[in-house]
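Residue numbers (our numbering), protein chains in the order written: chain A, 1 to 155; chain B, 1001 to 1155; chain C, 2001 to 2155; chain D, 3001 to 3155; chain E, 4001 to 4155; chain F, 5001 to 5155; chain G, 6001 to 6155; chain H, 7001 to 7155.
By construction, the Cβ of each residue, glycine as well, lies at the ideal position given by its N, Cα and C atoms.
This structure is a prediction, so every number in the text was calculated from the model and none was measured.
Structure record follows, encoded as structure tokens.
Number of protein chains: 8
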Amino acid sequence: MPTGHDDVWEVYLSGEIHTDWREQIAEGVRRAGLPVALTAPVTDHAASDDCGAEIFGPEERPFWKDHKGARLNAIRTRTLIERADLVVVRFGDRYRQWNAAFDAGFAAALGTPIIVLHDPELTHALKEVDAAALAVAETPEQVVRALTYVVEGRL
Amino acid sequence: MPTGHDDVWEVYLSGEIHTDWREQIAEGVRRAGLPVALTAPVTDHAASDDCGAEIFGPEERPFWKDHKGARLNAIRTRTLIERADLVVVRFGDRYRQWNAAFDAGFAAALGTPIIVLHDPELTHALKEVDAAALAVAETPEQVVRALTYVVEGRL
Amino acid sequence: MPTGHDDVWEVYLSGEIHTDWREQIAEGVRRAGLPVALTAPVTDHAASDDCGAEIFGPEERPFWKDHKGARLNAIRTRTLIERADLVVVRFGDRYRQWNAAFDAGFAAALGTPIIVLHDPELTHALKEVDAAALAVAETPEQVVRALTYVVEGRL
Amino acid sequence: MPTGHDDVWEVYLSGEIHTDWREQIAEGVRRAGLPVALTAPVTDHAASDDCGAEIFGPEERPFWKDHKGARLNAIRTRTLIERADLVVVRFGDRYRQWNAAFDAGFAAALGTPIIVLHDPELTHALKEVDAAALAVAETPEQVVRALTYVVEGRL
Amino acid sequence: MPTGHDDVWEVYLSGEIHTDWREQIAEGVRRAGLPVALTAPVTDHAASDDCGAEIFGPEERPFWKDHKGARLNAIRTRTLIERADLVVVRFGDRYRQWNAAFDAGFAAALGTPIIVLHDPELTHALKEVDAAALAVAETPEQVVRALTYVVEGRL
Amino acid sequence: MPTGHDDVWEVYLSGEIHTDWREQIAEGVRRAGLPVALTAPVTDHAASDDCGAEIFGPEERPFWKDHKGARLNAIRTRTLIERADLVVVRFGDRYRQWNAAFDAGFAAALGTPIIVLHDPELTHALKEVDAAALAVAETPEQVVRALTYVVEGRL
Amino acid sequence: MPTGHDDVWEVYLSGEIHTDWREQIAEGVRRAGLPVALTAPVTDHAASDDCGAEIFGPEERPFWKDHKGARLNAIRTRTLIERADLVVVRFGDRYRQWNAAFDAGFAAALGTPIIVLHDPELTHALKEVDAAALAVAETPEQVVRALTYVVEGRL
Amino acid sequence: MPTGHDDVWEVYLSGEIHTDWREQIAEGVRRAGLPVALTAPVTDHAASDDCGAEIFGPEERPFWKDHKGARLNAIRTRTLIERADLVVVRFGDRYRQWNAAFDAGFAAALGTPIIVLHDPELTHALKEVDAAALAVAETPEQVVRALTYVVEGRL
């Protein structure tokens, strides 16, 4: 019987980096035995902030330090988003996480399917992002179930 | 001598889910030993209807239950159609099967080759869809023969 | 104050041709004074069916008569859909209207916004089409209100 | 002598809706006599929140009310962003403004030039968005000067 | 009532340059009052052959003379084909007219609708080109009738 | 030392089917040990002509027999051309070979590199096709040498 | 008789800014009465260097001063190149003019026709750029003659 | 834990061919054990200059010898740039290296991330190229560190 899981699905996990939601999804994917390759931005906060200045030299103005770092990180994030079959974007309750919303907009313009993951309290603030998503989840477990269904066709 | 079958052909089987036409094509492909990977939407009718509410929570209004399910299914169907080298779209004599025609339009806009599969009685009603196809078949066996010819170059 | 209506919006009205829904929308657009240009397929049913054979010569087999006509009509419909800023797709309660669903799929793959217009009874059958739309209307008047809001920013 | 201002430049003003920054830019453009057409999302907060439910009927769950509204607004915002030659994205010091970051990501993926407008305090939080921009301004007046330079070639 | 002729249709007339078929179509379009702008390659055979060497200097080897001319002509032909809403490709009974078939392939890859115009004797030799067309005409008058139908919706 | 031959190059051999030029190139590629996968249209002339009618049923009018066959062949040829890194197009001294020129135009619009292979006598007639190519060869051996250089970097 | 000059041709003049070649082309276009709109980067050298720091504030490090200026200029240059039907790139005998070569590469990847303008001594050094062009001119007058031929079809 | 290095990164090394910077990067990549495949143009200067004439026959005019060679090289360079996930462009202190800047413009238009590698003295002359890059390095070792960070996420 024809199925949909002949190829590996590449899933990019964008957004919040202070909780273990990526590990939870990774563990769920492993347990479910899904042919899913998870990718992510660099989640080491300090490395992500310092990479530009560390590699290419320090900057006096914080703006340019951030700029160098953010552009270096963009090599990784844009490449992985463009390769992805699906982008999961997680919003937490702290920080402004504009990069998560930026990634969602980027994926939306590429036509890449998006699943947004956030608590219900953020519903109104995230309505434009949710409206661009093909699914809105509240827990990592729901994301794993959605991946299982989408890739393997079983609930 | 140069041939055309160096890579696997990915063929998406869209449309009607109440007869065994996908199995017939799968069996024919297997017998012919074609380097063809068949993919399909989730063909378990109940799962396909319920997936959204089952995973992300129930809805009171049928419209939103359908919406959640259809958008979750779209993650699978659009990804597989975009990956496909060829889309086969089957129309049966029951139900309205607007999703099959939707898939055909989607594939047409992507420039992906389409084979439509239906009984001759549907010719007039399906004329716009047939006009966008590179072949119109009446039986799964004809689809297998077309795949054999296209991929292997033998009648 | 900046506005959004500097250019004319081109809106393609796809689908059902047996009621006067296009006229209702046209009348509403006129009354609201919207900078909206409405386009449509050829809605003269007989002309649409006969055009291919009429211009390029008769066919004995109905399949080829339909094929010639449908491909000639496609010159118009695809060009207008590709030009459109927005596609409204109407499904009525009669006929199978696979061409309407085909147009919706075509517009979806192009990334063109879609409004679907149909009675609530069709909700379940049209769930995949509705899921691809940015709005689902039940009456032509709602479409006009949506156009007014989208183009002029007023409710 | 050849110039660059033969056509009107369409500039989309995305983001914060609680201060008069759009009016300041509009006034500056008018004073400078620039061939620039400014567009914007619907900036009437209440209309923007209520439009979906108002036109297509009320929802009990806030999530779906927001969803209907946000998708209707997306017809306008995506169309105007796709038409734009340049997108200016403004971040204020209140609210999370994820839609502004979403628009920036959308424009970035389209390859449309972006100018970000925000106070220096937001530099670190906005570093990924700034990194995708071709200019980062702190005041509406700087945006007007940049437009004057880009379109007319004079400082 | 909504119509399809709000914008001018740009129609590129490719191929054979030794009979007056372009003038016949132009005359028919004029008589029918169609909002159609006809474009064409340079049809002055000598100018088309000599332009490269004439403007940029002579060549000893005929290959390079042809090359310079053909590349200069390509600035015009590709630009006009890319602008066109519809490409009409005419094959006559003399010469090999590979440039006409090249233009048809170019238009096909762009997804631009094609009408092929040729005598029935060429049917077998042109089958791949005809298969890519949305209509196959035998006379300029049929092309005019097709344009009238496509643009104005009347037979 | 970095090289360019990490991936297999897929090379589509389009055009003339009455001499053994494809075999000569295949033999040369084998001898040179190049990581090149050669693909081609169905080169069995009879099968290529009859495939449509043979699989989907006979036609009385030759036009439709050709149409069915040519559209079925297009599934193969367009897919292989779109996959190709390089298209070699061969023109012989007999027949009109409009399909070869069509393929060249198709590849040109996709931006795929083209090598044309023909005798010097055809130079003037093929000038538009040659002008779109990145190389013009007179013998299969030259094509093999060009492939060796392009893929392996050695003369 | 069908012609090619229904629309204005937008021609971007890239490269060297120290001689009056743009004015010569502009004068030639005017004399020939061509429907050609010429565009260009900001050719005021000082303004072009200083614009970023002037508008958005000074920088201590020259690298960032250049960066801000170059990115602001990119809003203009990329937009005008993307709008252009044709890009003329001029290389002089002084300076390295890497931005001119960059523009040529940018236009080449977009598929926009290119005419390169330079003295014969630069032929070897510019061979990759010339190879991507549809014409190589030595004088502004040749560019005007080429434009006249391409747009009006007369030598 | 999700990572970003599931697939090999293809990195094209464009530009200067007279120092061993490519070998230094290759050695660094090897030592770091990165899943990176490095590709490059043909770096044998004589072969690169002579390839066209050598394979397809000599030319009397240097312009055409260069043209044939440059177009043959373009088959390799464009294909490898289009395949690349990242393009590193090196400018040395000798020669004009317009092909390096051309490659940078080509990659920029494709949206492919760019790292530019040059000495600080070239900063002003290369400002437009640097402005299009996501990183600017001064040494091959910095490029290796950037690759290590981007691909493996570690400093």
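Residue i - DSSP class collapsed to helix/strand/coil
| i | result |
| --- | --- |
| Ile-3055(D) | helix |
| Gly-2092(C) | coil |
| Ile-75(A) | helix |
| Phe-5039(F) | For clarity, residue 5039(F) is Thr in the given sequence; the question names Phe instead. Three-state DSSP puts Thr-5039(F) in a strand. |
| Gly-1033(B) | coil |
| Gly-5153(F) | coil |
| Leu-7147(H) | helix |
| Asp-2995(D) | What is shown of chain D runs 3001 to 3155, which leaves residue 2995(D) out entirely. |
| His-124(A) | coil |
| Glu-5023(F) | helix |
| Gln-1142(B) | helix |
| Asp-4044(E) | coil |
Cβ neighbour criterion (16 or more within 10 Å) applied to residue i
| i | result |
| --- | --- |
| Gly-52(A) | buried |
| Pro-1120(B) | exposed |
| Thr-2079(C) | buried |
| Pro-2140(C) | buried |
| Asp-1085(B) | buried |
| Pro-5113(F) | buried |
| Gly-7015(H) | buried |
| Gly-7105(H) | buried |
C-beta neighbour in chain G for residue i, strict 8 angstroms
| i | result |
| --- | --- |
| Pro-3113(D) | yes |
| Glu-7128(H) | yes |
| Arg-6955(H) | Chain H is shown from 7001 up to 7155; residue 6955(H) falls before or after that span and cannot be answered. |
| His-7005(H) | Note that His-7005(H) scores 46 on pLDDT, short of 50, meaning its location in the model is unreliable and no value can be drawn from it. |
| Trp-7098(H) | yes |
Chain H contact for residue i (CB, 8 angstroms cutoff)
| i | result |
| --- | --- |
| Asp-5085(F) | yes |
| Phe-6056(G) | no |
Identity of the residues DSSP links to residue i by a beta bridge
| i | result |
| --- | --- |
| Ala-6135(G) | Ile-6115(G) |
| Asp-5009(F) | Residue identity check: residue 5009(F) is Trp in the sequence provided, not Asp. According to DSSP, which records beta bridges pairwise, Trp-5009(F) is partnered with Val-5036(F). |
| Gly-7015(H) | Arg-7090(H) |
Residue-chain proximity (residue i, chain F), Cβ-Cβ < 8 angstroms
| i | result |
| --- | --- |
| Gly-4105(E) | yes |
| Gln-1024(B) | no |
| Val-1008(B) | no |
Test: residue i CB closer than 8 angstroms to a CB of chain B
| i | result |
| --- | --- |
| Trp-3064(D) | yes |
| Tyr-12(A) | no |
| Gly-153(A) | yes |
Chain D contact for residue i (CB, 8 angstroms cutoff)
| i | result |
| --- | --- |
| Arg-2090(C) | no |
CB contact below 8 angstroms: residue i versus chain E
| i | result |
| --- | --- |
| Leu-2117(C) | no |
Any chain A beta carbon closer than 8 angstroms to residue i
| i | result |
| --- | --- |
| Leu-7134(H) | yes |
| Leu-3110(D) | yes |
task = Examine the Cβ distances between the segment 4147-4155 of chain E and the segment 2038-2049 of chain C and report whether three or more of them are shorter than 8 angstroms.
result = yes
message = Between the segment 137-147 of chain A and the segment 1044-1058 of chain B, can you find at least three pairs of beta-carbon atoms closer than 8 angstroms?
response = yes
inquiry  = For the structure I just gave you, are there three or more beta carbon pairs, one from the segment 1007-1024 of chain B and one from the segment 3099-3106 of chain D, closer than 8 angstroms?
reply    = no
key: Touching by the beta-carbon criterion (3+ pairs, under 8 angstroms), the segment 2120-2135 of chain C and the segment 1117-1137 of chain B   = no
query = Is the segment 1062-1081 of chain B close to the segment 2127-2141 of chain C, with three or more CB pairs under 8 angstroms?
reply = yes
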